[in-house]
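Asks: The sequence shown begins at 1248 in our numbering and counts up by one.
Don't be surprised by glycine CBs; every beta carbon is placed ideally from N, CA and C.
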Amino acid sequence: MRADLAANLSELYGSEVPAYTTLVEACEHVNADVLARRGGDAERLGSIRRVTAERHGAIRVGTETELAQVARIFGACGMYPVGFYDLREATPPIPVVSTAFRPLARAELAENPFRVFTSVLVVDDRRFFDERTEARLREFLDARTLFPAELLELADQMESEGDLTFERADRFLELATASFALSDEPVDRAWYEHLESISSVAADIGGVGSTHINHLTPRVLDIDALYARMGDLGIEMIDRIQGPPQVEPGEGVDVLLRQTSFRALAEPRRFREPDGSVVDAHLRVRFGEVEGRGVALTPAGRDLYDGRGFRAFPRTEEELHAQGLAYYRRDDQGRLQPIVYEDFLPKSAAGIFASNLTSDGTADARQRASSRDAAWMQDALDRTLHDPYALYEAERAGEVYRFPTR
Ligand code: OOG
Ligand code: NI
């Protein structure tokens, strides 16, 4: 189900954003080169089968109710919420908090690692929205339906009753994919522009009546080579690769996550003017992104990375392991096997958001922040929010991760 959903969404996004197809092809090219160059070593952080199919998506919703519905849809595909990210702390601040839906078990990740970074708008944060805007946002968001009841019922039947037939699966996939397509419903220009003056992301969420894939990201084995290749193909990338710096094989170890993107493209959208007329226009909201993944860091490794940066890191896997900075397992021959980082980086996410905003928006730091944390997220999701470190720790220890119940 998860592999099919990822493939369907990939086909949909490719039809909507043709540059995405160029990006996927460039990734396949680079991955084939790396495989030819490095042989079996190229697959230490995931088989070529896994990496070729690997995608992450990003979606944005407006309310706790919508978030809980998303959790049911992804739950039916074996994707569970992991981690809490507060993008309001980013520069510039973005009025959302986020989690990522993904498979938990190594075998499931190996089968298909599809993950979706999911953000929910914080409508009651006064640094962004005044009282009147909050009220209008709530009214607008409460009146819309992102996911048809039939889709949610199918999701529940498949997840909790394990009741999956080909017919149900096909219908589920059809409805789920359609829910994430860009709608051609006219957008209320005055309302959209009001939100956009505060935050482009708020406008993308609360200014339109439906949700959509914001971007879909393939994984590449050499992101520096990919970056150069996209430039050669005439696709303008953002000015840098987010995350740790480049390492040459033998001169250091790839850790965490490296990402880069191409700028949002102008897509045709229809607007409804204040006088009721509908006009064709363009919006630049959706973009293309690519990622390279390295070994997962322990909390100590992460503190070192966040505090002193990558330069402070030892250069070999043996040292990373011995100093307890990164997660490794030993295979039957006693060799170290890296545990790949399966999550996101708030700083890079912020960089990706920021590089694709039309403006920094307006946030007034003197106003009241509203409280959002992992506990809030778990309540909103109405299911367990998993701690990424608990998952990596269980895998290192060779234990079966015990799914915490609430
Ligand atoms: C999500 C941005 C974060 C990533 O890869 O870090 C993200 C968004 O733009 O909605 O996707
Ligand atoms: Ni992304």
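Start and end of the beta strand (DSSP E) containing His-1303?
Replies: Taking the first residue of the sequence shown as 1, we reach residue 1303 at position 56. Segment 1302–1308, the beta strand (DSSP E) holding His-1303.
Asks: Going by DSSP, what residue range makes up the alpha helix (DSSP H) through Asp-1527?
Replies: On the sequence shown, residue 1527 is found 280 positions in, with the first residue counted as 1. It is not in any alpha helix (DSSP H) - Asp-1527 instead sits in the beta strand (DSSP E) that spans 1525–1531.
Asks: Does the beta-carbon of Ser-1617, which I'm using as the reference point, lie nearer than 6 Å to any heavy atom of the ligand OOG?
Replies: Residue 1617 sits at position 370 when you count from the first residue of the sequence shown. Outside the cutoff, so no.
Asks: Measuring from each Cβ to the nearest heavy atom of the ligand NI, keep the ones under 6 Å and list them in chain order.
Replies: His-1303, Ala-1305, Phe-1364, His-1462, Thr-1464, Glu-1536 and Ile-1599
Asks: In chain order, which continuous runs of the alpha helix (DSSP H) of length 4 or greater are located wholly inside the region 1361–1439?
Replies: 1378–1390, 1396–1407 and 1413–1426
Asks: Can you grab the Cα-Cα spacing for the pair Ala-1597 / Asp-1431, in whole Å?
Replies: In the sequence shown, the residue the question calls residue 1597 occupies position 350. In the sequence shown, the residue the question calls residue 1431 occupies position 184. Going by the C-alpha atoms only, they are around 28 Å apart.
Asks: Mapping the DSSP letters down to three states, classify Arg-1643 as helix, strand or coil.
Replies: Along the sequence shown, one-based indexing puts residue 1643 at 396. It is helical.
Asks: As a quick exercise: from Glu-1483, Leu-1480, Val-1455 and Val-1494, pick the residue whose alpha carbon is nearest that of Asp-1471.
Replies: Position 224 of the sequence shown holds residue 1471. Answer by Cα proximity: Val-1494.
Asks: So what's Gln-1570 in DSSP terms, helix, strand or just coil?
Replies: Reading the sequence shown from its first residue, position 323 is the one you call residue 1570. The answer is coil: DSSP assigns Gln-1570 none of H, G, I, E or B.
Asks: Would you mind sorting Ala-1390 into buried or exposed? The rule is 16 or more other CB atoms within 10 Å of its CB.
Replies: Translated into positions along the sequence shown, residue 1390 becomes position 143. When all chains shown are included, Ala-1390 counts as exposed.
Asks: Considering His-1462, what are the terminal residues of the beta strand (DSSP E) in which it resides?
Replies: As a working mapping, residue 1462 is identified with position 215 in the sequence shown. Taken as a continuous stretch (DSSP letters only), the beta strand (DSSP E) holding His-1462 covers 1462–1465.
Asks: What are the boundary residues of the beta strand (DSSP E) that Thr-1346 is part of?
Replies: In the sequence shown, residue 1346 corresponds to position 99, counting from 1. Taken as a continuous stretch (DSSP letters only), the beta strand (DSSP E) holding Thr-1346 covers 1343–1349.
Asks: With the cut-off set at 7 Å, would you say Asp-1463 and Arg-1302 are in Cβ contact?
Replies: Along the sequence shown, one-based indexing puts residue 1463 at 216. Along the sequence shown, one-based indexing puts residue 1302 at 55. Note that residue 1463 is Leu in the sequence shown, not Asp. Yes, the Cβ-Cβ distance between Leu-1463 and Arg-1302 is below 7 Å.
Asks: Under three-state DSSP, which class holds Gln-1316?
Replies: In the sequence shown, the residue the question calls residue 1316 occupies position 69. In this structure, Gln-1316 counts as helix in the three-state DSSP scheme.
Asks: Cβ-heavy atom distance between Ser-1407 and the ligand OOG below 6 Å?
Replies: Counting from one through the sequence shown, the residue named residue 1407 turns up at place 160. Answer for Ser-1407: no, Cβ out of range of the ligand OOG.
Asks: So Pro-1433 and Val-1525 are in contact, right, with Cβ under 8 Å, and what is the actual spacing, rounded?
Replies: By 1-based counting over the sequence shown, the position of residue 1433 is 186. By 1-based counting over the sequence shown, the position of residue 1525 is 278. That pair is a contact at about 5 Å.
Asks: Would you call the region 1505–1522 and the region 1584–1602 touching, i.e. three or more CB-CB distances under 8 Å?
Replies: yes
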